[in-house]
Structures are given as C-alpha cells and as structure tokens.
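Residues in the first sequence are numbered consecutively from 101, following my numbering.
Idealized CB from N, CA, C, for every residue including glycine.
This report refers to the structure that appears directly beneath it.
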Amino acid sequence: MTRRPLLARRPAMTVRVRFAPSPTGYLHIGGVRTALYAWLWARQRGGQFVLRIEDTDVERNTDDAVQVILDAMRWLGLDWDEGPEVGGPHGPYFQSQRLDLYRAWADKLVEAGHAYRCFATKEEIQAQREAYEKEHGSKGFRFRSPWRDRTDGDRTQPHVVRFKTPEPREPGEKIGWDDLVYGRVEYPLDQQQDFVLLRHNGLPLYNFGCFVDDHTMGITLVTRGDDHLVNTPMQLMLYDALGLPRPQLAHLPMVLDDRGKKLSKRSKDVGVAVLDYRDAGYLPDGLLNYLARLGWSHGDEEIFTREELIAKFDWANVGKTASRWDKKKLAHVQGTHLRRLDDADLGERVVPFLRQRGLEVAPNDPRLLAAIAPVKLRATTLADLAADLDYFFRDDDALEYDEKGKRKFLKPEFAGNLERLAAIVESAEPFDEATLEAATTGWMEEAGLAMKHVAQPARVALTGRTRSPGLFETIVLLGRERAVARLRRGAALAQAVA
RNA sequence: GGCCCCAUCGUCUAGUGGUUAGGACAUCGGCCUCUCACGCCGGUAACAGGGGUUCGAAUCCCCUUGGGGUCACCA
101 MTRRPLLARR
111 PAMTVRVRFA
121 PSPTGYLHIG
131 GVRTALYAWL
141 WARQRGGQFV
151 LRIEDTDVER
161 NTDDAVQVIL
171 DAMRWLGLDW
181 DEGPEVGGPH
191 GPYFQSQRLD
201 LYRAWADKLV
211 EAGHAYRCFA
221 TKEEIQAQRE
231 AYEKEHGSKG
241 FRFRSPWRDR
251 TDGDRTQPHV
261 VRFKTPEPRE
271 PGEKIGWDDL
281 VYGRVEYPLD
291 QQQDFVLLRH
301 NGLPLYNFGC
311 FVDDHTMGIT
321 LVTRGDDHLV
331 NTPMQLMLYD
341 ALGLPRPQLA
351 HLPMVLDDRG
361 KKLSKRSKDV
371 GVAVLDYRDA
381 GYLPDGLLNY
391 LARLGWSHGD
401 EEIFTREELI
411 AKFDWANVGK
421 TASRWDKKKL
431 AHVQGTHLRR
441 LDDADLGERV
451 VPFLRQRGLE
461 VAPNDPRLLA
471 AIAPVKLRAT
481 TLADLAADLD
491 YFFRDDDALE
501 YDEKGKRKFL
511 KPEFAGNLER
521 LAAIVESAEP
531 FDEATLEAAT
541 TGWMEEAGLA
551 MKHVAQPARV
561 ALTGRTRSPG
571 LFETIVLLGR
581 ERAVARLRRG
591 AALAQAVA
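See the structure below:
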C-alpha cells in the first residue's frame with residue numbers, strides 16, 4: 101500500500117473537527133455524543149468546531165429538519181465556529197450548495213486516471229450480479245465495470261463517476277489506519293470495489309462528499325460512529341490517490357438502546373431525539389454529562405461541569421465497547437445537575453414549564469425562589485420541578501387532590517385535627533417554622549397524637565399531594581392566609597365524606 | 001454468509017503481568033424522618049469458555065462462543 105506522509109510528521113496545526121449530521125427530522129442522541137467529543141476536543145485545544153449539513157439525499161431531507169438540528173445544537177450549547185448561520189471561510193456548509201466542487205474534484209480524479217465515467221445501466225449491473233450469484237452464492241458480489249479502462253463514453257449520456265480502486269500489488273494487501281479509539285484497523289484491499297463518487301444526477305455519494313468536504317475544510321480529525329468503519333477505506337483511498345494528507349480518525353462505538361439494539365426511533369423507552377429531552381425538562385449539562393460518560397471515563401469521576409469536561413476529555417480514555425442507554429443513570433446525573441443550580445437560575449428555567457401548566461409566575465418572584473430551594477431536592481427534571489411547584493401557585497379553590505391521598509387522609513376522623521391546625525396557623529406569632537412546630541407538637545402531646553396523623557392529612561389539604569417538603573416549611577411558603585384557607589377547606593372536604 | 005469491530009458486576013466503567021478486581025447507577029438492608037426526596041452507612045453482584053506464553057494473567061497470543069457493524073447511484 102502506498103505510504104502517505106504520516107500525520108506525526110506534519111507540522112503542528114490547530115485542531116479542526118466537524119459534525120456533519122444529515123437533516124432527517126431529528127437530531128439523534130447517539131450522534132450528539134460524537135458531536136460532543138469533537139466539540140470538547142476543539143474547545144480544549146483551542147481549535148475550530150465546524151458544523152456541516154449533509155443534505156444530498158434530497159428525498160429524505162427537508163428545510164425544517166435543518167432547523168431542528170440547529171435548535172438542538174444551540175440548546176445543548178454546542179456552538180460551532182463555522183457552519184450554517186455563522187458562515188466561515190470554507191463555506192458553503194450545506195453539501196447541496198457545494199455541487200460544483202464535487203464535480204470539479206470528480207473531474208480531477210478522472211483526469212488523473214483515478215476514476216472513470218461508467219455508463220453501465222442498472223440492468224447490466226443486475227445481470228452481472230445474478231451471474232455471480234449463480235456461481236458463488238448470494239454474497240460478496242463486487243461490480244466490475246466494463247468502463248473501468250475506457251475513456252470513450254459519451255459524456256452527454258447518463259453516467260456515474262466511479263473510483264478506480266487500485267489493484268493490490270501483492271496478495272493480501274491491506275488498507276488501514278491508526279484509529280484514535282480502535283488503534284490499528286485494516287481492511288483487505290481486494291475487497292474494495294469501484295464505488296460510485298457521483299450519481300447520474302451529479303449529486304455526490306456520502307463517501308465522496310465527505311472526503312471533498314473534510315479535505316477542503318481542513319479537517320484534521322474526523323470523528324464518527326463506528327458504523328462508518330467500513331466507509332473509511334474508501335475515503336482514505338481518495339486521499340491516497342491524490343497524495344493528500346489524511347486526517348486523523350476516531351471512530352466511536354455505538355450507543356445501543358436499553359435492550360442492546362441499535363438506537364432508533366423505534367427504540368422503546370429511549371428518546372433518540374435531542375429536543376425531546378429539552379421538552380421533557382432535562383438540562384443540557386445533565387444530558388451532556390451522561391453522554392460524555394457513556395463511552396468515556398476519567399477515573400472514578402461521574403459528575404462533570406461543562407468546563408471540567410473540556411479540561412478533562414481525552415481520546416485515550418474513550419472505550420471501544422458499545423454502550424447501552426440507561427435511563428436511570430441519566431436521571432441520576434441529570435438530577436445532580438439540577439440540584440447544583442442556584443435557585444435564581446432554576447427560577448428562570450422553570451417558568452416555561454409552569455406556564456405549560458397554566459401558571460404565570462415571574463422568574464424573580466420571591467415566592468418562587470423560596471419554594472424552589474426545598475422542592476429541587478425532590479425533582480429530576482424541570483418538568484418535575486414545575487409539577488412540585490404547582491400547588492404553591494395554584495388558586496386555593498383550583499387545587500387538585502390526589503385521589504388516593506384524599507381517600508386516605510381527608511376523612512371525618514381527621515377533620516378536627518385539620519381545624520385545630522388551622523387555628524394554630526392562624527394565631528402563630530411570629531409566623532415561622534419554629535413557632536408553628538412548637539405550637540403543633542405542644543398540642544399533639546396534650547392530645548396524644550402522633551405527627552403522622554396530623555401531618556399527612558394536613559399535607560393533602562395544603563398541597564393536594566401525599567408528598568411535599570416538610571409540613572411547617574410548606575405552611576410558611578404558602579403564607580398564613582392560604583394555609584389556613586386550605587386547611588379549612590380540607591376539613592370541610594373531610595367532613596363531607598361522611 | 002464475506003469482511004470488520006468488540007467482550008470486567010444487571011448497566012456505565014476503573015484496571016495496561018503481581019489488587020481482598022475499585023467507583024457510579026440500579027437493587028437490597030439500615031440511619032435520618034410528618035410524606036417524598038436529598039444525604040449518610042452497609043450488603044449482594046463481574047473478569048464468556050478453552051488452550052497457550054510466564055515464577056505469576058482480567059491484563060499478552062491463539063481458538064471457540066456471544067454481541068455489534070457493514071456489504072446501495074442512503075447517510
């Protein structure tokens with residue numbers, strides 16, 4: 101195999117990495133991990149992160165789908181230095197706008213004798229395939245074009261441009277590379293076929309477009325999923341044919357669903373679309389932290405801020421094994437990030453989720469900030485947070501009661517306790533937790549009541565739920581007037597059951 | 001099937017010839033306790049199998065098995 105200049109001998113250059121999604125209607129969570137590692141690498145090394153849209157499959161792509169990608173990347177905070185809407189010196193960043201470039205490179209390859217115009221029809225190819233299969237079985241067919249060594253075709257007729265795969269110069273010759281994740285990877289050269297560069301309509305195929313773009317955009321490290329491992333020899337042959345320096349390569353193991361199957365839209369219980377996580381109230385940093393740890397590790401550390409990820413990420417500690425999506429671990433990591441945010445920040449973020457519930461609350465409302473502190477210990481996502489904040493902002497008469505809680509605790513036998521507690525709340529002076537608790541426990545001791553017999557009915561009356569922050573904390577957060585009203589309303593409801 | 005990749009607790013992983021195989025999530029106990037969480041303490045739980053190499057193998061080599069990927073004028 102031809103020896104190209106080794107990367108190590110090239111002058112030190114700034115890191116240029118890219119993420120090249122295809123606009124399919126949603127941004128795949130597995131793709132995001134690939135993007136994340138590339139982004140982390142660029143940020144750590146002070147390089148550039150390029151976003152390129154691979155939209156040559158016209159039938160599958162839509163404009164809206166591009167916007168989905170951009171929205172998702174922005175939400176995640178994976179900002180790009182070059183690409184859609186920000187431009188850059190190597191644009192355009194949509195493959196559909198680079199068709200002239202592909203044509204020019206294809207011409208260059210044809211002129212240099214590394215590619216040829218193939219006028220074989222689908223029928224011819226099919227006939228050859230059938231003849232092969234008759235003799236060798238249904239697998240391993242490689243098309244040998246009669247046009248491989250001809251240059252007399254009529255260019256005005258429909259044709260494709262095929263790469264002229266070099267013949268092995270010795271039996272068993274391989275083409276390979278040193279992968280940053282997998283180490284040495286090699287494929288037998290004689291297994292490669294004359295793959296198509298340009299379709300009859302002039303649109304480039306993946307391997308060709310990818311090569312032209314990566315090269316002309318100055319990409320120094322190509323990152324992608326390991327499902328692309330088999331594509332790499334084709335792209336490398338293109339670099340080699342033209343004597344161009346190869347980029348470094350890093351293939352990432354797949355992210356599988358919870359059953360160990362390739363993650364797809366059909367995977368149950370696993371959201372593959374990034375924006376779904378946004379809508380479900382996940383934090384970008386929580387999702388990114390989980391994703392980073394899925395396939396990469398840094399000793400025993402589990403929780404990383406974005407800055408820590410940038411500082412600590414390295415290719416040496418990226419594993420080779422496919423990993424499964426674990427919703428529960430994601431929830432844990434996400435919850436940890438949620439709890440670490442300060443109350444004011446959470447206030448800003450939770451407002452849209454409250455609005456979804458029909459509650460208009462100002463992000464700087466002191467009542468909101470006060471309630472967030474205890475509630476965030478009980479939430480995983482912003483949606484959870486909003487749900488647990490709900491009863492603090494719901495009108496007293498619009499409070500909804502958990503059915504089971506109501507049945508169990510808003511019963512006649514507790515009505516008296518609720519009335520009594522209401523009286524205590526009404527008269528407690530000063531109105532604070534300590535005073536309320538002292539007054540309540542004093543009464544309970546006299547009456548021989550256990551806390552749980554008072555607290556649970558009161559909790560349902562005050563919040564409609566069977567779980568909430570501490571009783572006295574909740575009362576203070578609600579305020580004297582609303583707490584009393586809710587307790588009395590609860591007492592009335594309890595009485596009415598009879 | 002050909003080719004390629006992979007293989008440590010249920011899951012994510014640490015481990016790079018000598019460790020009681022560590023951590024995290026989950027799970028199971030316990031503490032805290034007015035509920036639910038948070039937090040804290042503790043337990044169960046893994047080197048796929050077989051051959052080598054070596055004084056010594058989770059670590060190196062081979063085979064088997066298992067899993068995954070890919071075989072387009074999709075990406």
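- Excluding five sequence neighbours on each side, which residues of the same chain lie with their C-beta closer than 6 angstroms to the C-beta of W139? F149, L178
- Message: Once DSSP output is grouped into helix, strand and coil, what is the label at S423?
- Response: strand
- Item | Inter-residue Cα distance where the pair is Y202 and G276 | Going from the Cα of Y202 to the Cα of G276 covers about 25 angstroms.
- Query: Is it right to say M317 is buried, meaning 16 or more other beta carbons lie within 10 angstroms of its own, or is it exposed?
  - Reply: A buried status is given to M317, since no fewer than 16 other beta-carbon atoms sit within 10 Å of its beta-carbon.
- Query: Are the segment 235-253 and the segment 270-287 in contact at 8 angstroms, needing three or more beta carbon pairs?
  - Reply: no
- Message: Counting C-beta neighbours from all protein chains within 10 Å, is the total for S527 16 or more, i.e. buried, or is it exposed?
- Response: exposed
- Query: Where T405 and L352 are concerned, what is the direct C-alpha to C-alpha distance, given to the nearest angstrom?
  - Reply: 22 angstroms
- Message: Distance check for L468 and V450, CA to CA, integer angstroms please.
- Response: 10 angstroms
- Sort out for me which residues DSSP pairs T521 with in a bridge. Reading the sequence as shown, one finds Leu at residue 521 and not Thr. BP columns for L521 are empty, so no partner.
- Measuring CB to CB, does V168 end up less than 8 angstroms from L375? yes
- Beta-carbon contacts of F219 that lie in its chain and below 7 angstroms, excluding the five residues immediately before and after: Excluding positions up to five away in sequence, the list reads W247, G253, Q257, H259.
- Item | W182 burial status per 10 Å Cβ neighbour count (16 or more: buried) | Residue identity differs from the one stated: residue 182 is Glu in this sequence, not Trp. It is buried - the Cβ of E182 has at least 16 other Cβ atoms within 10 Å.
- Query: What do you reckon, are the CB atoms on E154 and G325 nearer than 8 angstroms?
  - Reply: no
- Message: Assess contact between the segment 355-363 and the segment 206-224, defined as three or more Cβ pairs (one per stretch) separated by less than 8 angstroms. Is contact present?
- Response: no
- With a Cβ-Cβ cutoff of 8 angstroms, do N75 and V418 count as a contact? Because the chain here runs from 101 to 598, residue 75 falls outside it and cannot be looked at.
- How long is the line joining the alpha carbons of F493 and P569, rounded to whole angstroms? 15 angstroms
- Message: Quick check on the DSSP output: what are the complete alpha helix (DSSP H) runs of length 4 or more inside the segment 402-452, in order along the chain?
- Response: Taking only runs of at least 4 residues, the alpha helix (DSSP H) segments lying wholly in the segment 402-452 are 406-412, 427-440.
- Are the beta-carbon atoms of D495 and R457 separated by less than 8 angstroms? no
- First and last residue of the uninterrupted beta strand (DSSP E) at D278: 274-279
- Item | Cβ shell of L518 (< 7 angstroms), same chain only, five flanking positions each side left out | Same-chain partners within the cutoff: P557, A558, A561, L587, G590, A591, A594.
- Task: Can you give me the Cβ contacts of F295 inside the same chain, cut-off strictly under 6 angstroms, excluding the 5 residues immediately before and after it?
- Result: F263, M334
- Can you have a look at S122 and say buried or exposed, based on whether 16 or more other CB atoms are within 10 angstroms of its CB? buried
- Task: Measure the Cβ-Cβ separation of R198 and P189 and say whether it is below 8 angstroms.
- Result: No Cβ-Cβ contact shorter than 8 angstroms links R198 with P189.
- Message: What does DSSP give as the partner residue(s) for L303 in the beta ladder?
- Response: According to DSSP, L303 bridges with nothing at all.
- For R116, the residue or residues it bridges with in DSSP: Q148
- Less than 8 angstroms separating the beta-carbons of D340 and R152? no
- Message: When you compare the CB positions of L134 and T421, do they come within less than 8 angstroms of one another, or not?
- Response: Note on identity: in this sequence residue 134 is Thr, with Leu being the wrong assignment. It is not a contact, given that the beta carbons lie outside the stated cut-off.
- Query: Across which residues does DSSP place C218 in a beta bridge pair?
  - Reply: In the DSSP secondary-structure assignment, C218 is bridged to V260.
- Query: Going by the beta-carbon positions, is the gap between A479 and L430 smaller than 8 angstroms?
  - Reply: Annotated as distal: A479 and L430, with beta-carbon spacing of 8 angstroms or more.
- Residue nearest to G146 in terms of C-alpha spacing, selected from A215, V115, Y216, T156: V115
- Item | R110, DSSP secondary structure in three states | Reliability fails at R110, whose pLDDT of 45 lies under 50, so the model's placement of it is uncertain and no value is given.
- Could you name each continuous alpha helix (DSSP H) segment of 4 residues or more that falls completely within the segment 175-237, going from the start of the chain to the end? Entirely contained in the segment 175-237, the alpha helix (DSSP H) runs reaching 4 residues are, in chain order, 199-211, 222-236.
- If I'm right that G381 touches T481 with Cβ under 8 angstroms, what's the distance once you round it to whole angstroms? Yes, they are in contact, since the Cβ atoms of G381 and T481 sit about 4 angstroms apart, within 8 angstroms.
- Message: Could you tell me the alpha carbon to alpha carbon distance between A108 and K476, rounded to whole angstroms?
- Response: Residue confidence is low: A108 scores 40 on pLDDT, short of 50, so the model does not pin down where it sits. No coordinate-derived value is stated.
- Query: Is A212 near the ligand ZN, in the sense that its beta carbon is under 7 angstroms from a heavy atom of that ligand?
  - Reply: The ligand content of the structure shown is nil, which means the ligand ZN is not present either.
- Query: Between M173 and R582, what straight-line distance do the alpha-carbon atoms span, to the nearest angstrom?
  - Reply: 43 angstroms
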